[in-house]
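Before any comments, here is the structure.
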Amino acid sequence: MTALSAEFIGTLVLVLMGDGVCACTGLEKSKGKGAGWLTVTLGWGFAVMCGVFIAGPWSGAHLNPAVTLALALAGSFSWSALPGYILAQMLGGFFGAALVWAFYKDHYDATADPDTKLGTFCTMPAIRNNWRNLFCEFVGTALLCFCILLFSTKGNTPEVGMGSLGAFPVTMLIMAIGMSLGGATGYAINPARDLPPRIAHAILPMKSEKRDSGWGYSWIPVAGPLLGAAFAALCFILLF
Numbered sequence: 049m050t051a052l053s054a055e056f057i058g059t060l061v062l063v064l065m066g067d068g069v070c071a072c073t074g075l076e077k078s079k080g081k082g083a084g085w086l087t088v089t090l091g092w093g094f095a096v097m098c099g100v101f102i103a104g105p106w107s108g109a110h111l112n113p114a115v116t117l118a119l120a121l122a123g124s125f126s127w128s129a130l131p132g133y134i135l136a137q138m139l140g141g142f143f144g145a146a147l148v149w150a151f152y153k154d155h156y157d158a159t160a161d162p163d164t165k166l167g168t169f170c171t172m173p174a175i176r177n178n179w180r181n182l183f184c185e186f187v188g189t190a191l192l193c194f195c196i197l198l199f200s201t202k203g204n205t206p207e208v209g210m211g212s213l214g215a216f217p218v219t220m221l222i223m224a225i226g227m228s229l230g231g232a233t234g235y236a237i238n239p240a241r242d243l244p245p246r247i248a249h250a251i252l253p254m255k256s257e258k259r260d261s262g263w264g265y266s267w268i269p270v271a272g273p274l275l276g277a278a279f280a281a282l283c284f285i286l287l288f
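Quick note on the working numbering: the sequence shown kicks off at 49 and runs consecutively.
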């Protein structure tokens with residue numbers, strides 16, 4: 049239960065701060081409105097860092113069902129613990145998004161554009177092309193999981209300042225993926241970062257206009273990351 053609580057709280061903080069930077073830079077009358085993509089990618093990187101610092105000593109700080117799957121496939125994590133970890137991550141993602149809604153409620157009410165409001169909860173592609181979007185999420189998550197698996201190998205151990213799921217290398221990795229590969233889909237690369245907040249968007253009330261929650265696209269930020277995680281684990285096993 050300690051590990052599951054850590055995954056829940058760590059993912060909650062990750063989404064609170066990650067969706068929070070999207071709300072800060074996107075919603076009307078926010079002091080951070082218009083700060084841009086660099087702010088968003090930095091914010092998400094630091095959000096992951098905080099989540100890892102919180103959960104790392106207790107659960108390994110997966111904070112992402114794709115990472116949990118990759119570690120299990122690579123033999124670094126118990127399959128019996130996988131369902132509990134994923135449930136804790138998904139619940140953390142939902143409550144993190146709900147806290148962002150409560151925090152920025154006045155700004156949601158002041159924002160007329162329903163697409164902007166949806167974008168503070170979950171990802172939508174810049175250009176809708178389902179198979180291309182799936183490929184983008186696959187590649188981004190494969191890179192994420194492959195690098196995380198390599199962080200635990202000899203030569204990247206704590207003796208040289210890295211660590212298995214150390215906060216700083218993962219922080220920089222998230223920022224790099226966002227800056228280089230985030231432009232097409234918004235780089236969900238984490239089902240717990242996308243699906244539970246999307247559900248929160250569907251449930252939570254908005255004073256001003258609210259659009260549908262993009263359910264036709266919602267399978268892509270889940271399937272892409274899971275497939276990418278499986279591919280990363282396979283490459284890791286074959287190569288190393």
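Where is the CB? At the ideal position from N, CA and C, for every residue including glycine.
>> Taking 6 Å as the limit between beta carbons, can you name the residues of its chain near ASN181, skipping five residues before and five after?
In response: Here the set comprises PRO173, THR233, ILE268.
> Rounded to the nearest angstrom, how far is the Cβ of ALA280 from that of PHE194, given a contact under 8 Å?
Replying inline: Rounded, the Cβ-Cβ distance is 4 Å, consistent with contact.
> In its own chain, which residues sit with a C-beta less than 6 Å from the C-beta of CYS170, not counting the 5 before and 5 after it?
Replying inline: Cβ-Cβ distances below 6 Å link CYS170 to ASP242, PRO245, ARG246 in the same chain, with the five nearest sequence neighbours on each side left out; the list follows chain order.
>> Whole angstroms are fine: how far does the CA of ALA240 sit from the CA of ILE57?
In response: Straight-line Cα distance between these residues: approximately 13 Å.
> Is DSSP giving HIS110 helix, strand or coil here?
Replying inline: Coil.
>> Let's test the definition: count the other Cβ atoms within 10 Å of the Cβ of ASN177 and tell me whether it reaches 16, buried, or not, exposed.
In response: Around the beta carbon of ASN177, fewer than 16 other beta carbons lie within 10 angstroms, which makes this residue exposed.
> Which term fits SER128, buried or exposed, when burial requires 16 or more other beta carbons within 10 angstroms of its beta carbon?
Replying inline: Label assigned to SER128: exposed.
> What residue from MET65, SER266, VAL218 has the CA that sits closest to TRP179's CA?
Replying inline: The shortest C-alpha to C-alpha distance from TRP179 to any of MET65, SER266, VAL218 is the one to SER266.
>> Between GLU76 and ALA158, how many whole angstroms is the CB-CB distance? I'm expecting something under 8 Å.
In response: With a Cβ gap of about 4 Å, GLU76 and ALA158 count as contacting.
> DSSP three-state call for PRO269: helix, strand or coil?
Replying inline: In the three-state scheme derived from DSSP, where H, G and I count as helix and E and B as strand, PRO269 is classed as helix.
> Which class does TRP149 belong to by DSSP, given the choice of helix, strand or coil?
Replying inline: In this structure, TRP149 counts as helix in the three-state DSSP scheme.
> Between the stretch 219-226 and the stretch 82-98, do three or more beta carbon pairs fall short of 8 Å?
Replying inline: Result yes; three or more Cβ-Cβ pairs closer than 8 Å.
> Are the C-beta atoms of LEU275 and some chain B residue less than 7 Å apart?
Replying inline: Annotation note: the requested chain B is absent from the structure, which comprises a single protein chain.
>> Classify LEU197: buried if its beta carbon has 16 or more other beta carbons within 10 angstroms, exposed otherwise.
In response: Classification for LEU197: buried.
>> Please list the terminal residues of the continuous alpha helix (DSSP H) segment that includes CYS195.
In response: Per DSSP, the continuous alpha helix (DSSP H) segment holding CYS195 begins and ends at 178-199.
> For the stretch 232-279, which segments carrying the alpha helix (DSSP H) assignment without a break, of at least 4 residues, lie completely within its bounds, in sequence order?
Replying inline: If we require 4 residues or more, the alpha helix (DSSP H) runs fully inside the stretch 232-279 come out as 239-251.
> Roughly how many angstroms lie between the CA atoms of ASN283 and SER124, to the nearest whole one?
Replying inline: For the sequence presented, residue 283 should be read as Cys rather than Asn. Looking at the backbone, the Cα of CYS283 and that of SER124 are separated by about 14 Å.
> When DSSP labels each residue in this structure, what does CYS98 get in the three-state scheme?
Replying inline: In this structure, CYS98 counts as helix in the three-state DSSP scheme.
> Does the Cβ of LEU121 have 16 or more other Cβ atoms within 10 Å, making it buried, or fewer, making it exposed?
Replying inline: Label assigned to LEU121: buried.
> Measuring CA to CA, which of PRO162, TYR133, PRO131 is closest to SER261?
Replying inline: The shortest C-alpha to C-alpha distance from SER261 to any of PRO162, TYR133, PRO131 is the one to PRO162.
>> In this structure, how does DSSP classify GLY209 when only helix, strand and coil are distinguished?
In response: In this prediction, GLY209 has a pLDDT of 40, which is less than 50 and means its spatial position is unreliable; nothing more can be read from the coordinates.
>> Using only the alpha-carbon positions, how far apart do LEU213 and GLY104 sit?
In response: With a pLDDT of 47 at LEU213, under the threshold of 50, the modelled position of that residue is not reliable, and the figure given next carries that caveat. Straight-line Cα distance between these residues: approximately 7 Å.
> Who are the Cβ neighbours of ASN238 in its own chain at under 7 Å, not counting the five residues just before and after it?
Replying inline: Within the same chain, ASN238 has close Cβ partners ASN112, ALA114, PRO273.
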